[in-house]
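Trainee:
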Amino acid sequence: MDNKLQSADTPPASNVSALVRAALFVSDIEASTTFYRDILGLTVSYWDGPLDHPAVPALIGVGATDSTRARILQVPGPSFGMIGLFEVTPRPARVRKRAEGVNVGEAVLVFYCADLDPLVARLTAAGHRILCPPTFLQVSPTRGQREMTCADPDGILVNVIERDDRLSASRDDRLPVSRDNRLA
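Using the numbering used here, read the sequence shown as starting at 1486 and increasing by one per residue.
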């Protein structure tokens, strides 16, 4: 099965990197920091402070007189996959979402985790909403993984996939399953 979206002889439309950062507009930067740092483990502060450059309003779509504070968190290592928390004052309106599922235009953050059970314990102890507890997902006839979905303090969906850190970052790093669809 070929997973390429374009042929090898077609030049790419753009030469972009892997995702560097997701920018999340949050209602309380401290509550969001607690969630992403203490619950999920993004313990490195890449940047923290006010965004006062004159280009900021146009870049992020806020009013010229609004103030914006940002905190960018990451896991130790290369500066990719970071989470940028942005708190705007005065606070913009919340996105209207239907509660029973996903919404068009909504993104879901996806992370790997070596063991979901301690994460569930931290989420539960802190009173965070778990939308789907750890559930086995068969992704191919021979591969499967446990996944869960929770929400951050502003309702942003977070999907976490249990993955053995000893495995490579290849496409086939999902856990092997037995004939009865259990982890082997």
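Note that beta-carbon positions come from the ideal geometry of N, C-alpha and C, so glycine has one too.
The structure presented is a predicted model; accordingly, all values stated were derived computationally and were not measured.
Starting from residue 1530, trace the beta strand (DSSP E) in both directions and tell me its first and last residue.
Mentor: Here the beta strand (DSSP E) through residue 1530 covers 1529 to 1535.
Trainee: Provide the residue(s) that pair with residue 1594 in DSSP beta bridges, ordered along the chain.
Mentor: Residue 1594 is bridged to 1643.
Trainee: Using a Cβ distance threshold of 8 Å, determine whether the stretch 1551 to 1565 contacts the stretch 1523 to 1539, with at least three qualifying pairs required.
Mentor: Touching, yes, given that three or more Cβ pairs across the two stretches are closer than 8 Å.
Trainee: Between the beta-carbon of residue 1599 and the beta-carbon of residue 1649, is there less than 8 Å?
Mentor: Going by C-beta atoms, residue 1599 is nearer than 8 Å to residue 1649.
Trainee: By DSSP, does residue 1603 sit in helix, in strand, or in coil?
Mentor: It is helical.
Trainee: Have a look at 1498, 1635, 1525, 1505 and flag the residue whose alpha-carbon is nearest the alpha-carbon of residue 1586.
Mentor: Answer by Cα proximity: 1635.
Trainee: When the cut-off is 8 Å and only beta carbons count, does residue 1648 lie next to chain D?
Mentor: Note that chain D does not occur in the displayed structure, where there is just one protein chain.
Trainee: Can you tell which of 1590, 1597, 1511 has the C-alpha that lies nearest to the C-alpha of residue 1555?
Mentor: For the residues 1590, 1597, 1511, the minimum Cα distance to residue 1555 belongs to 1511.
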